[in-house]
Amino acid sequence: MSTDCFIARSPKVAARRIGDEVMIMSGLDSSLFSLNETAAILWECADGVTPLSSIVRERICPRFEVEFEAAMKDARELAESLAAHGIFLISDQPTTTEGAP
Amino acid sequence: MSELMLELGAKALRLGVPLSVQLDLTYRCNERCVHCYLDHEDHGEMTTAEIKGVLDQLARAGVFFLNLSGGEIFMRRDLFEIIEHARKLMFSVKLKTNAVMIRPAKAKRIAELGVHSVQISLYSHRAEVHDEITKLRGSFKRTIEGARMLKEAGVQVSFANVLMKGNETDYPQVQALAAEMGVGFNVDATITPMMDGDRSVLSLNIDPATLEKVFHDVSLVGATEDFCAPPPGAMDAADAFETLPCSAGHTAAYISPYGDVYPCVAFPLPCGNVREQDFGDIWRDSPQLEEVRGITVGHLQGCSSCAHGGTCTRCPGLAYLEGNMRGPSTQDCEKSFARTGVPSENLLAKRAQDSAKSPSGRAVTWMVPA
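Chains as they are written, first to last, in our numbering: chain U, 104 to 204; chain D, 264 to 633.
Set out below in structure tokens:
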């Protein structure tokens, strides 16, 4: 089972929903990303205090009708991939970027 | 430009989203640049609360790229409060400044706020030439210091080098200075009329021979065989009526410090005021923006059949300031000529007119600033 974690939006990124897409500009290298539906759900829920497991159980599993274990593994990989681009901050403790920038 | 950025632009156009907005926070400035198009008196700038409200409206309208400019933005004491609000709204924020007022603490704060980049006006690598243009003694030194502080704080910086009579030979050294400092560089060979229509500053435009040299400089334009290639000929009529002149009013807009909304900073066609109306309503309902959006290349008088049709960089704002937003922009015709050696239809018409007016019956010089 994938270990649980907390994901927060990086205060260095820019983001906007354009139509049905969430566009993100990385604060690391100005790369532009278009989030797929799963990533967009993670983005919207990434408040730094809600466990990833809760996001997966309450938002992703019902939406895509997938098993929790598989969805959790995929969500963790996706979050780590986006963290590598400076879009998410991942922690094993609750964090908050409230007040930032 | 990345493929995703092109897709984003196309999507914004399809959905009618104002993807990019320049918001001038003030027209006040600590410099008095000889070529500036602005009136630097404060005629009633928007307050901090008004600007924050406008930013909220822009975010709701879908604006992603926000350029904060002026005047000199650091003349506003509430600048960081405005940037903080903009970043909380998740805009990609770009600042335009002369950097004279930047000190280490400000540079650090700009980096912390996740500002995308800072564009700094630099006119020469020679202090005396730069200061003569800005009319502020010591400005070169302060500007370079400000750029270094930003760079050291980890901010992405670029120099904007406007060329005019007096600094037109200095750009290679400015480019070298930018490379040495690890900052970006871009050159602009256009002096624009003042926003009130006064065209006297156009006398500062560089001469045609220098413009031609600039447009054939590989270090600036890349492969000259492509950039300077003869024009492909007039655009197919059907394509011309499908092709938009530029993004102004389509996916881009400009807001003045007084709340006036224009299609672009270089296109001062009043479309509404955010002190009287929500930006989203202006963007959606303004008859002036509707008119701008109805203009395709096929509607342009003297341009739709011009050989430069498909490759011309005509600015509709310059055409508007020349008297007709559906007409040609002579400054851009001159650029096309300098680039390719092929006169545009507009320039040929002007030459014929000037020739007819000449008392001797001989052609007179027609490559003069508009």
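Built from N, CA and C at the ideal position, the CB exists for glycine as well.
Between D:Ala452 and D:Leu426, the C-beta gap is smaller than 8 Å, which places the two residues in contact.
The DSSP-derived three-state label of D:Ala442 is helix. Relative to the Cα of D:Phe478, the nearest Cα in the group D:Val280, D:Pro591, D:Val450, D:Val420 belongs to D:Val450. Using a Cβ distance threshold of 8 Å, D:Pro526 and D:Ala503 do not count as a contacting pair. D:Cys578 and D:Leu563 have their C-alpha atoms some 12 Å from each other. D:Gln436 counts as exposed, since fewer than 16 other beta carbons sit within 10 angstroms of its beta carbon. Listed along the chain, the chain U residues whose CB falls inside 9 Å of the CB of D:Gly543 amount to none; the nearest CB is some 14 Å away. In this model, D:Ala612 and D:Cys292 are separated by some 40 Å (Cα to Cα).
Rounded to whole angstroms, the gap between the alpha carbons of D:Glu553 and U:Ala143 is 33 Å. D:Thr289 counts as buried, since no fewer than 16 other beta carbons sit within 10 angstroms of its beta carbon. Within its own chain, the residues whose Cβ lies closer than 6 Å to the Cβ of D:Gly580, once the five positions on either side in sequence are excluded, are Cys527, Ala529, Phe530, listed in chain order.
Here D:Val326 is buried. Its C-beta has 16 or more other C-beta atoms within 10 Å.
Using a 10 angstroms sphere on the CB of D:Gly445, the tally of other CB atoms stays under 16, which defines it as exposed. For D:Trp546, the closest alpha carbon among the candidates D:Val356, D:Lys371, D:Leu278, D:Lys274 is that of D:Leu278. The residue from D:Ile373, D:His348, D:Asn430 with its alpha-carbon nearest to that of D:Ser387 is D:Asn430. With respect to D:Ser283, D:Ala515 sits close: the two C-beta atoms are nearer than 8 Å.
Using a CB distance cut-off of 8 Å, U:Met128 counts as an interface residue toward chain D.
Distance from the Cα of D:Ile336 is smallest, within the candidate group D:Leu321, D:Ile373, D:Gly316, for D:Ile373. Going by DSSP, D:Arg350 is part of the alpha helix (DSSP H) stretching over 342-351. Runs of alpha helix (DSSP H) with 4 or more residues, each lying fully within the segment 291-338 of chain D, are found at 311-324, listed in chain order.
For U:Pro114, the nearest beta carbon of chain D is closer than 8 Å to its own beta carbon. Residue range 367-375 is occupied by the alpha helix (DSSP H) that includes D:Pro367.
Between D:Pro281 and the set D:Val481, D:Gly572, D:Leu465, D:Tyr517, the nearest pair of CA atoms involves D:Tyr517. Any Cβ of chain D closer than 8 Å to the Cβ of U:Leu135 would place that residue at the interface, and such an atom is present. Its chain contains Met588, Gly590, Pro591, Ser592 as the residues whose beta carbon lies nearer than 7 Å to that of D:Ala582, once the 5 sequence neighbours on both sides are disregarded; these appear in chain order. D:Gln320 is not a Cβ neighbour of D:Asp499, given a cutoff of 8 Å. Listed in chain order, the non-local C-beta contacts of D:Ile314 below 6 Å within the same chain comprise Ile345, local neighbours out to five positions each way being set aside. Proximity of D:Val280 to chain U, defined by a Cβ-Cβ separation below 8 Å, is satisfied.
DSSP, read as helix, strand or coil, puts U:Arg162 in helix. Judged by their CB atoms, D:Val392 and D:Asp433 are nearer to each other than the 8 Å cut-off.
For the pair D:Met412 and D:Pro367, the CB atoms are nearer than the 8 Å cut-off.
With respect to the 8 Å criterion, U:Arg179 and U:Leu155 are classified as neighbours on the basis of their beta carbons. At a beta-carbon threshold of 8 Å, the residues of chain U lying near D:Lys274 are Ile121, Gly122, Glu124, ordered along the chain.
When DSSP states are grouped into helix, strand and coil, D:Leu552 belongs to the helix group. For the beta strand (DSSP E) assignment, the uninterrupted runs of no fewer than 3 residues enclosed by the segment 463-518 of chain D are, from N- to C-terminal side, 515-518.
For the pair U:Phe171 and U:Ala182, the CB atoms are not nearer than the 8 Å cut-off.
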